[in-house]
Amino acid sequence: MTSLPTATDGRKLGLVIDLDICVGCHACAVNCKEWNTGGHSAPLTDEEPYGADPHGVWFNRVHSFEAGDGDSGRTVHFPRSCLHCEEPACVTVCPTGASYKREGDGIVLVNADTCIGCKLCSWACPYGAREYDYADGVMKKCTLCIDRIENQHLPPEDRLPACVSTCPASARHFGDLGDPNSDVSQLVAERGGYDLMPEMGMQPVNKYLPPRASTRHDLETPAPPPETIPASTDTGSDFLNWVDRMLTR
Amino acid sequence: MPDDIRPDDRYEKVDQSPVVSDEVKTTTCYMCACRCGIKVHLKDGAIRYIEGNRDHPINKGVLCAKGSAGIMQHYSPARLSQPLRRVGPRGSGEFEPISWEEALDTATEWLGDIRRRDPRKLAFFTGRDQSQSLTGFWASQFGTPNHAAHGGFCSVNMAAAGIYTIGGSFWEFGEPDWENTKYFMMFGVAEDHDSNPIKMGLGKLKTKGDAKFVSVNPVRTGYSAIADEWVGIRPGTDGLLVMALIHELIRTGNVDLDFLARYTNSHWLVRRAPGTADDGLFVRGRDGKPLAYDRNTDQLVDAARIDISPAMRGRFPLHEAAPGDGGSDAEAVPAFQLVLDRYLDEAYSPDAVAEQTGIDADRIRRIAAELAHAAFEQEISLDVEWTDWAGRKHDKIIGRPVSMHAMRGISAHSNGFQTCRAIHLLQMLLGSIDCPGGFRYKPPFPRPAPPGPKPAGKPHQVAPGTPMAGPPLGFITSPEDLLIDDQGEALRIDKAYSWDAPLAAHGMMHMVIRNAWAGDPYPIDVLFMFMANMSWNSSMNTTETIEMLTDTDPETGEYKIPKIIYSDAFQSEMIAYADLILPDTTYLERWDCVSMLDRPICSADGPADAIRQPVIAPDRNVRPFQDVLIELGARLGLPAFTTDTGAPKYPGGYADYLVHHERAPGIGPLAGWRGEDGSSHGNGAPNDNQLERYIENGCFWSEEFAPDERYYKHSNRAYLDKAAKMGWIASADPIVLQLYSEPLQRFKLAGQGFGNVVPPVRYRDRIAETFDPLPIWYAPFEESHTDLEDFPIHALTQRPMAMYHSWGSQNAWLRQIHGWNKLYMNRSTAEDQGLADGDGVRVESPYGSIKARIALMEGVNGNTVWTWNAIGKKRGAWNLSPDAPESNKGFLLNHLITDLLPPKDGYRFGNTDPITGQAAWFDLRVRVVKDDGSDKALANDPSDSGIAPRAPGVGKAAERLRFGARFLPASNWRRSRGGEDT
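Sequences listed follow chains A and B, in order. If you use numbering that gives the first Met the number 0, the first sequence corresponds to residues 0 to 248, in order. If you use numbering that gives the first Met the number 0, the second sequence corresponds to residues 0 to 981, in order.
Right under this line is the structure:
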């Protein structure tokens, strides 16, 4: 079984995902696929790509579901990927040390050269964030774009996970959640960011910002009471006096 | 531990700085109509990664799921690889490969023959074409009026209503002021138009937190999911809701009268003389200028004068005010009086519309109050000096921060034109057109409402061997402009600009096959199409469309539509029904242009255009369609495509044309870097280095307006002068918003039997009733001839944001997201019918029946079922396996939609909007019944006639895809493991 790092320098790199503005467009999922299928974990194999049951390796998947009944309900688009937990059972369960958590930044990775494909990690992860590549016989997963975020060949502004960089609604944020003063930590504090399934004890680093209420009553203006409408719209009835204001062009 | 070993290296040495690519090329995406700027990373001769271009004005670096899946589109196994000639019967999919020389010779022979005899025998229609300024010009040069793209199927109601009303429209011609808006209303499904800009805007608006987003849509998915308020309206009743909002705003006095008097024709006097030929037309002075009633002088005066105080209501007897100016009983009333009369009527009160729309009256009143609050209590004032059209300086720009957007949810109904006009009326009453926080025009709009020129195609304009005198599409303003013969019958094959569809500004691609098959109004010889999947999701009534494409004349054995030429990059459903296939490239292999002459990508803050450049060379024997079209133009000797000596004018193909073609002196397809030295923008002589300059700049050109040019563009001196100088508008005159539409009234009068050009009797009621100069609501036509108890449910489609039309469902990645579509149904409606989630059902309309699986949901109007658009595919098309879910579990709703209404007095009108001819595919009514429960695969394609084989040159699709393995270091074991790379 694999140990977690005992000492870290305090950095906890991760994502903050805003469920209030995610429209479920799958841009993050596909751009992730596109980057990573040629990146550190290449390839992200697709089986039956043009057949009856196309399925492949995706590090990031978007689930859409409804919560609540009728008009008071809400349609939620929920992007799901590795949460780079502080207590990742997927690491501690690994018999070979292939699944590991990095000391320097807390990113959870899989070493494809030592992974034996036993899939224990995918059983251990309560978030379903692990993706088995049948062709390679190894487990793969979100690397937080380990080959982008410090890549000296990319301009500094592009050193972000692909999902963050491409998100059209800016619903995804990347940063150091170990630093209380970082933009992402501030965002979590302001918006009441929360842990996914905290009861599992994984202490996920990624946070979700909750959707605001399904109907923003705080933005509502009270309606004036209905009134009887006079039969005539012609000049002379007081009802439409505002129309007779002297106007300039 | 040694310094060079990081703690993490104990587990694995990770290269955090790999070389990403050998080269990065910019170009423009074509995975939908959004036209985002992209950066394509190339490595070892292959595409490694596509990302958004941060500098690009449209997407500012973001990229959607479709754009990110461009690699899979480019490497699709459905790509055609060589020209083909049909050898089996139509539909069999049996082809033989031919050379380009042979293909072009054949096309030239077919087309040359009819051009010499009768150019109308060519119907040239393009689908999701982004080169319409070329294709329209080519058609005009050929001499056929029978040309259009797919706008008539898509959204012409939205575009035409906007252009005839405010001189601009949603999407391509305008956008919400996302930065400043306080209240944003979206009507209907809009997830594909605009794609990224709306997502970016909604993200901005919601993050700001001080604005409200209201989504009016029967279905709560996509953008509606993050709305602050979802209004689950009954389909086709949006117009009633909008008119009830108008009713409330007027009732409560929440109208921007100053805006109306300054920028609209609401003070223009309308002649009221029912039963006479001039009823409802503007009262004009001797110089032809519309008049207003000036309350300072009690005179009828030129309505454009700025020194008057116009009356906004009142009734002024014409014989007193203007002696000799008309009948004795005629009176003149300001157009706004007619607005008051109509919308204050009880029929448009919230209480009256609540039942039909399914929206509580109190809720309508509240939304109206919120609109008023945002517009008038949250007024924005920008300290920017500007000068209006009359030369008056203002020290502030006032904004009414209410913005709106609508697309095909409004458009695709037979009452869509008038509903969209109602939305624009609402915007005008709130004073929220082109102001801070409101709807903002994108250049080259606003243009006069409507702009010129008029469509060519009258009998004297069509002659053998001769170009037409003008473009095949345009904007007409009176019955005299119609393209009809002396009997009032259509002159165009699609019947655009006839009494069937007088304001058919985008043509009617969806009627071409029916009419060509029926020889109504005349038979054609060649149907030439590009990127238009007519035998599948670009037609209503797909099943019969296929029958018409394959139908023969029993006497001669010839096909009713004798010759079909088709260009597409992929083996789409349409391929099997064509006789000659001209294989196109993918979007990454071609030159292209996103032109202001065509469908612009400007922003409200400045003009922009763009190019595509080939980022990778084709590995197949394919040619860009536009190159082929230009070559055909030269072979046919079309004047604009040949030199004086008859040689090809653009031997360098489309790239040559983009640089050197001039539509008017100094005006060409691209606005940037014109002039011989590339120093002028907008207009200037052709610049041989223009494309290089575009490439240096990321394949786009953009400019920012000065602060005083950005708002009130319809009336802003600095803007209007610039627009005229750039060639966007013919003159710098102010653009008056047409709250009251006189062109519509001219048609209405014709419908009443007045004027020189009147419709045949069968059209009269329809024209008189629907061509109302002020927005009206009428029930979608399908409801008037369908037994609503028998077919109680509305059926429509929503746009998955990860898919664009049917291309996406072949894409190896996107089809994993939307591989097959279910029929979504309101939970309580379904339960009342004894239906459960996952049940197999039959969906039946009066016109057909298909099978589907249902999924129950809360967020859908109780009278509505819906599905994702264009996921179902025909078996055997697109090189998908015959057991692909798209053709076995998914379905195409189009099979249930009629293209013609039932006969009325012996004539079948199209299932279209009576004003524009827009396909009314959202009017569909169905019933949903439980299937018999048999286990057989869901037969979802009534047209299924076996599986077309792969076209010659289309190889077997991979069973496993390991795209990207090739980019691993040569030493990596994963590089060579596990089979095929692409």
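Built from N, CA and C at the ideal position, the CB exists for glycine as well.
Spell out whether any CB of chain A is found under 8 Å from the CB atom of B/R709.
It does not: the Cβ of B/R709 has no partner Cβ on chain A nearer than 8 Å.
What's the gap between the Cα of B/Q81 and the Cα of B/Q809?
Straight-line Cα distance between these residues: approximately 20 Å.
So is B/I225 in contact with chain A if we call contact Cβ pairs under 8 Å?
Closer than 8 Å: yes.
Does DSSP classify B/N216 as helix, strand or coil?
Here B/N216 carries a coil assignment [DSSP, helix/strand/coil].
Could you work out which residues of chain A lie near B/N195, taking near to mean beta carbons separated by less than 7 Å?
What B/N195 touches in chain A: P167.
Since A/P278 and B/R814 are thought to touch, with beta carbons under 8 Å apart, how far apart are those beta carbons, to the nearest angstrom?
Here chain A comprises residues numbered 0 to 248, so residue 278 of chain A is not present and cannot be evaluated.
Going by DSSP, what residues sit across from B/W865 in a beta bridge?
Paired residues: B/L795 and B/Y823.
Just checking: is the beta-carbon of A/D237 within a distance shorter than 8 Å of some beta-carbon in chain B?
Cβ-Cβ to chain B under 8 Å: no for A/D237.
Just checking my contact of B/I615 with B/E588 at CB under 8 Å: how many whole Å lie between their CB atoms?
Indeed, because the Cβ distance is near 6 Å, the residues count as touching under 8 Å.
For my contact list, B/P881 and B/G818 are in at a C-beta cut-off of 8 Å; report their separation, rounded to the angstrom.
With a contact defined as Cβ atoms closer than 8 Å, B/P881 and B/G818 miss out at about 15 Å.
Span separating the alpha-carbon of A/A134 from that of B/R874:
Their Cα atoms are separated by approximately 28 Å.
Test: A/H76 CB closer than 8 Å to a CB of chain B:
Yes, contact with chain B.
Could you name the residues that DSSP lists as bridge partners for A/L108?
A/L108 pairs with A/Y99.
Interface flag, B/D591 vs chain A, CB-CB below 8 Å
Look at B/D591: its C-beta is not under 8 Å from any C-beta on chain A.
Looking at the structure shown, is B/S1014 part of a helix, part of a strand, or coil, going by DSSP?
Given that chain B is displayed from residue 0 to residue 981, the structure contains no residue 1014 of chain B and the question cannot be resolved.
How far does the beta strand (DSSP E) with B/K850 in it reach, from first residue to last?
It spans G847 to M856 - the beta strand (DSSP E) in which B/K850 sits, taken as one unbroken run.
For B/I305, which residues from the same chain have a beta carbon less than 6 Å from its beta carbon, with the 5 sequence-adjacent residues on both sides left out?
A389, listed in sequence order.
Which ranges does the beta strand (DSSP E) cover as unbroken runs of at least 3 residues, wholly within the stretch 396–466 of chain B, from first to last along the chain?
For the beta strand (DSSP E) assignment, the uninterrupted runs of no fewer than 3 residues enclosed by the stretch 396–466 of chain B are, from N- to C-terminal side, 396–398, 401–405 and 438–440.
Leaving out five residues on either side along the sequence, give the residues of the same chain with a beta carbon under 8 Å from the beta carbon of B/E378.
Within the same chain, Cβ atoms closer than 8 Å to the Cβ of B/E378 are found at I397, G398, R399 and P400, the five residues on either side in sequence being excluded.
Do you know whose CA, among A/G177, A/L246 and A/T74, lies nearest A/H62's CA?
Comparing Cα-Cα distances from A/H62 to each of A/G177, A/L246 and A/T74, the minimum goes to A/T74.
Would you call the stretch 513–531 of chain B and the stretch 121–130 of chain B touching, i.e. three or more CB-CB distances under 8 Å?
Contact between the stretch 513–531 of chain B and the stretch 121–130 of chain B is established, with three or more Cβ pairs separated by less than 8 Å.
For the ligand PLP, is there any heavy atom lying closer than 7 Å to the beta carbon of B/S98?
Among the components of this structure there are no ligands whatsoever, and the ligand PLP is therefore not found.
By the DSSP assignment, the alpha helix (DSSP H) with A/P179 in it spans what residues?
Careful: A/P179 lies outside any alpha helix (DSSP H) and carries neither H nor E.
Rounded to whole angstroms, what's the CA-CA distance from B/P316 to B/V188? Just pull it up for me.
Spanning the two alpha carbons is a distance of roughly 47 Å.
Partner residues on chain B for A/H62, Cβ-Cβ distance less than 9 Å:
Those within 9 Å of A/H62 in chain B number zero; the least Cβ separation is about 11 Å.
Put B/D301 into one of helix, strand or coil per three-state DSSP.
Strand.
Flag B/H423 as yes if its beta-carbon sits less than 8 Å from any beta-carbon of chain A, otherwise no.
Chain A, which has no Cβ nearer than 8 Å to the Cβ of B/H423, makes this no.
Taking the C-alpha atoms as reference points, what is the distance between B/N686 and B/M539?
Spanning the two alpha carbons is a distance of roughly 45 Å.
Comparing the C-beta of A/W122 with each C-beta of chain B, is any distance below 8 Å?
Output row for A/W122: interface = no.
At a CB-CB cut-off below 8 Å, which residues of chain B make contact with A/N150?
By Cβ distance, chain B contributes Q15, S16, P17 and V19.
Ends of the beta strand (DSSP E) at B/D340?
Segment A334 to Y342 is the alpha helix (DSSP H) holding B/D340; no beta strand (DSSP E) there.
Determine the direct distance from the alpha carbon of B/R761 to that of B/E345, and round the result to whole angstroms.
B/E345 and B/R761 have their C-alpha atoms some 32 Å from each other.
Considering B/I555, what are the terminal residues of the alpha helix (DSSP H) in which it resides?
The question names Ile, but residue 555 of chain B is Thr in the sequence shown. Premise fails: B/T555 is in no alpha helix (DSSP H) and is neither H nor E.
At the level of alpha carbons, what is the spacing between A/P70 and B/G357?
What sits at residue 70 of chain A in the sequence shown is Asp, not Pro. If I take the Cα positions, the gap works out to 12 Å.
Check whether the stretch 56–68 of chain B and the stretch 24–33 of chain A are in contact - that is, three or more C-beta pairs closer than 8 Å.
The stretch 56–68 of chain B makes contact with the stretch 24–33 of chain A; the number of CB pairs closer than 8 Å reaches 3 or more.
Check for me: the beta strand (DSSP E) holding B/W229 runs from which residue to which?
According to the DSSP assignment, B/W229 belongs to the beta strand (DSSP E) that extends over E228 to V230.
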